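Converting from the sequence shown to my numbering requires adding 49 to each position, the first position being numbered 1. What follows is one structure encoded as C-alpha cells, with my remarks underneath.
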Amino acid sequence: MGPSHLVVGSGQAIAGVLSLLFLKPVYENRDTPGAVAFGGTIIGVCIWLWCLAVGNFIGNRLVSIIAYKLSLLGAEITAVGWFLLAISVTKPDSVSWKTVKMLLTWLASIQLLIWTNSFHHLVFSGEFGMAGTVLVPEYGVAFWIQVAVSYGFVAFGVGRLTVEAVRSQGLRQNQMALLAVCSLPFIVANIVTLTTGGVTLYDISPFGYILSALLLTIVLFKGYFLDVTTVARGTAVQKMNDAVITVDQKNRVIDANRTALEMFDIDSDYTGRQAVAVFDVVDDEIESRLAGRIDDEIEVSIKVNSEKRYFSVSVSPIGQDAAKGRVFVLRDITDLKRRELELSMLKDVYSRVFRHNVKNELNVIRGHLDLITKHTEKANVQRSTAAAIDSSNRLLNHTQKAQQIKQVLDTNVRFLECPLQRLVSAAVSTCHPERDAVSVRVAVTDVKVQVVEGFEVAIENAIENAVEHNSEPVQVDIQTEVTDEFVELYITDDGDGIPPNEVTPLQENEETALSHGSGVGLWLMRWYVDRSGGCLNITQSEPGTQVKMTLPKVSS
C-alpha cells in the first residue's frame, strides 16, 4: 500500500516552501551573472510543486485539472530557467533579449495549446481520469513534444555545465560540476513518474527535488556560487583589451580573441592558417619568436590598418618546451611610446634652452653687470650689482647641473667597481667652494663600491650643498660605515641646514606648485644614487645637515 495523497501533497508543499529559501541569496546577489535565471528556475519549481500539492489535497476534478495545467507551466519555467542559468554562468554575453523573447514565445505557445486542448486534443488526447484524488491524464503528441523540448533544455544546461567544469580549475570547476550534478535527482524522479505508469500514481519529482535541494545548498553556501563570481578563462581572454593569439607547434593559428580579430582584421576562417599569412605585416622579432629562438618580452612595431603601432609582445609556451604550441599576447603601447617620444623631445628642448639660450643670456647679463661694477663708485649700485651677479652665478650653476642631469638620465647604465676613497678624493679636488672659510675632513674606509659611471658628481653636489646653504665658517665631514652588503657614506656639515622646501620634493619624488625647490644638485644626487642601486637619505642634524648615501658593496 503506497503513501496517502495527503502525505504526498504535504511533501510537495513542504518542498515548494523550502525552495523559496533559495530566493534570499538570489536577491542579495541579483547583479551576479546567473542569479536572475537561477531565481526563475526556483520560481518554476515552486509553481510546479504547489500546483501538484493542491491537486493532491483537493479531490475536486475541475480544481485538479486547473492545478495540473498550471503545474506544467511551472515545469516549463524550470526547464527554461535551467537552460538560461547554464548559458549565463558559462558565457554571459550570449544571453540576448532575442533569446529571451524566443523562450517566452515558446512558453506562451505551450500554455496556449494546453488551455485550448478541448478544441484540438493535441496535448491531452482524451478525458482526464481520476484515481482517488489523483488526476490521470491521457497524453497527446503535443505533450510529448513539449516534454522532449523541456528535457532538451535541461540536457543542454547539464552538458554545458559539465564541459565548463572540465575546462575550468579550482573554485569555478567545483561550482560548475555541482550545478551539473544537482539537477540529476530531480530529472530522474520526473522520468520515473512519466514512464512507470501503474507503479506509482503520484508525481515523485518533489522527492527527487529534496536531494537536489541538498546539493544546491552545497553549491550556494559551500561553493559560493552567488557570493563569488569566478570568471571563465575563455570569457576573460575574450574580454581582454590585449590581442591574444594561440599557435600550434607548426605555427598555425588555432585561436584568437576578439581584440586580435578586430585589431588585425583577421578573417573568420583563420584557424589552421600559418601565422605569417594571417598578419599582413610581421615584425622580424615576432618571426624569431615564431621560430622558437627567443621567448623574452619585446617591443615591436606593426602596421595596423595602414597605421604604425607599437606593441609589447610576450610569449608563453603550451606544454613542456612548447610541445603543443605557444600563446602570443600583444599589448598595444602606442600611446605610451608617443608619450615617451613627447617627453624625450621636451627634455631635449629644455636641455638646449638651458645649455645655450639661458646660459648665453646669463653670460651677457653677467658681463654687463661687471662693467657697471667697474665704472661706478656708488655703494648702493655696487651692492645691487653684486647681488645680481650672485643670482646669475647660481643660475649658471643650474644650467651646468641640468646638463649633468640629462647625461645621467640619457646614458645607458654602466656600472663600475670603484674604490670609494678615489671617488671622494676626485669630488673634493674638483669642488671649489666660493667661500674661504670651508674645511673638508675625510675619513673614508678603503672599500670598493658598485656605482654608475660619473658618480663622483653626486658627492660633489653633496659638498656644494653643504657650503651653499650655510654661513661661514663651514665644517664638512665625510665618513663611512661598512656592513656585509652595503657601504654608508655620510657627508655632514655643521651649518644652518638645507631649507625644508629643498628636501621635501626630493623625499616625495615630485615637484608641485606648492612644494618645490631650486635644489638641482639634490636631484642629481638622488638620480645618481638610485641608478647605482642605492638609497639617499637627507636629515637635519644638530647642528647642520647629514647626507647619507647607501651604496652596494663589492665583495672582496
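No residue lacks a Cβ here, since even glycine has one placed at the ideal position from N, Cα and C. All figures in this text were calculated on a predicted structure; none of them were measured in a lab.
CA-to-CA distance, residue j to residue i, given in whole angstroms
i      : j      : result
Ser145 : Arg580 : 55 Å
Lys73  : Asn105 : 28 Å
Gly257 : Val237 : 7 Å
His424 : Asp526 : 42 Å
Gln224 : Ala214 : 8 Å
Val536 : Asp495 : 11 Å
Arg190 : Asn239 : First, the residue type needs correcting, since residue 190 is Val and not Arg in the sequence shown. Cα to Cα, the separation comes out at about 19 Å.
Gly321 : Ser120 : 50 Å
Val293 : Ser261 : 40 Å
Asp439 : Asp419 : 11 Å
Phe71  : Ile347 : 51 Å
Thr151 : Val325 : Note on identity: in this sequence residue 151 is Met, with Thr being the wrong assignment. Looking at the two C-alpha atoms, the distance is approximately 43 Å.
Asp291 : Val353 : 14 Å
Ser59  : Ser199 : 26 Å
Arg443 : Arg415 : 11 Å
Val138 : Val203 : 15 Å
Glu530 : Gly503 : 22 Å
Thr308 : Lys288 : 8 Å
Leu445 : Val413 : 11 Å
Leu390 : Leu153 : 57 Å
His565 : Leu573 : For His565, the predicted model reports a pLDDT of 40, less than 50, meaning its position is unreliable; a value from the coordinates is still stated below. For His565 and Leu573, the distance between alpha carbons rounds to 15 Å.
Lys299 : Thr90  : 47 Å
Ala437 : Ile351 : 55 Å
Gly83  : Ala64  : 23 Å
Ala562 : Leu392 : Low local confidence applies: a pLDDT of 39 at Ala562 is under 50, so the model's placement there is unreliable, with the coordinate-based value given in what follows. Cα to Cα, Ala562 sits roughly 20 Å from Leu392.
Gly201 : Leu156 : 14 Å
Pro601 : Glu505 : 15 Å
Leu161 : Leu122 : 11 Å
Glu513 : Leu385 : 38 Å
Tyr539 : Thr383 : 44 Å
Asp314 : Gly583 : 48 Å
Glu421 : Thr599 : In the sequence as displayed, the identity of residue 421 is Ile instead of Glu. So the alpha carbons of these two residues sit roughly 47 Å apart.
Arg358 : Asp316 : 20 Å
Close Cβ partners of residue i (< 7 Å) along its chain, the five nearest in sequence each way excluded
i      : result
Val462 : Val501 and Arg580
Cys467 : Lys497, Val498 and Val500
Leu227 : Leu264, Ile267, Val268 and Gly272
Gly88  : Leu72 and Val75
Ile159 : Glu125 and Gln195
Residue i burial status per 10 Å Cβ neighbour count (16 or more: buried)
i      : result
Arg209 : buried
Val172 : buried
Ala102 : buried
Phe168 : exposed
His417 : exposed
Trp131 : buried
Asn409 : exposed
Ala76  : Ala is not the amino acid found at residue 76; the sequence shown has Tyr there. Classification of Tyr76: exposed, given that the 10 Å Cβ count is below 16.
Gly570 : buried
Val149 : exposed
Tyr188 : exposed
Val516 : buried
Gly593 : buried
Val129 : buried
Gln323 : exposed
Ser567 : Summary for Ser567: the model assigns pLDDT 49, below 50, so the residue's position carries little reliability, and this model does not support an answer.
Gly175 : exposed
Glu356 : exposed
Val66  : exposed
Nearest-angstrom Cβ-Cβ length linking residue i and residue j, presumed shorter than 8 Å
i      : j      : result
Val493 : Val523 : Contact flag wrong, Cβ pair sits at about 19 Å.
Trp164 : Thr127 : Their Cβ separation, rounded to whole angstroms, is 19 Å, which puts Trp164 and Thr127 out of contact at 8 Å.
Ala116 : Cys95  : That belief does not hold up - the Cβ atoms of Ala116 and Cys95 are roughly 14 Å apart, past 8 Å.
Gln595 : Thr541 : 5 Å
Arg375 : Val296 : 6 Å
Val498 : Val603 : 6 Å
Gly606 : Leu111 : Within the shown structure, residues of the chain are numbered from 50 to 605, placing residue 606 beyond reach of any answer.
Other residues of its chain near residue i: CB distance less than 6 Å, five sequence neighbours each side excluded
i      : result
Lys140 : none
Asp304 : Thr295
Val552 : Ile587
Ala486 : Glu521 and Pro522
Pro366 : Arg375
Ala38  : Residue 38 lies beyond the range of the chain shown here (50 to 605); nothing can be said about it.
Cβ neighbours of residue i in the same chain (closer than 8 Å, five flanking residues each side left out)
i      : result
Ile45  : In the structure as shown, the chain begins at 50 and stops at 605. Residue 45 is therefore absent and cannot be evaluated.
Glu509 : Ala476, Thr479 and Cys480
Met50  : Here the model assigns Met50 a pLDDT of 43, short of 50, so the residue's position is not dependable and the matter cannot be decided.
Glu534 : Pro601 and Lys602
Val286 : Val293 and Asn306
Arg342 : With a pLDDT of 49 at Arg342, under the threshold of 50, the modelled position of this residue cannot be trusted, and the question is left open.
Worksheet item: Would the stretch 351-364 and the stretch 379-394 be scored as touching if the rule is three or more Cβ pairs under 8 Å?
Response: The answer is yes - the stretch 379-394 touches the stretch 351-364, with three or more Cβ pairs under 8 Å.
Fill in: Sufficient close CB pairs (3 or more, under 8 Å) joining the stretch 229-236 to the stretch 190-210
Three or more pairs of CB atoms, one per stretch, sit closer than 8 Å, so the stretch 229-236 contacts the stretch 190-210.
Worksheet item: When the Cβ atoms of the stretch 539-546 are set against those of the stretch 425-438, are three or more pairs found closer than 8 Å?
Response: no
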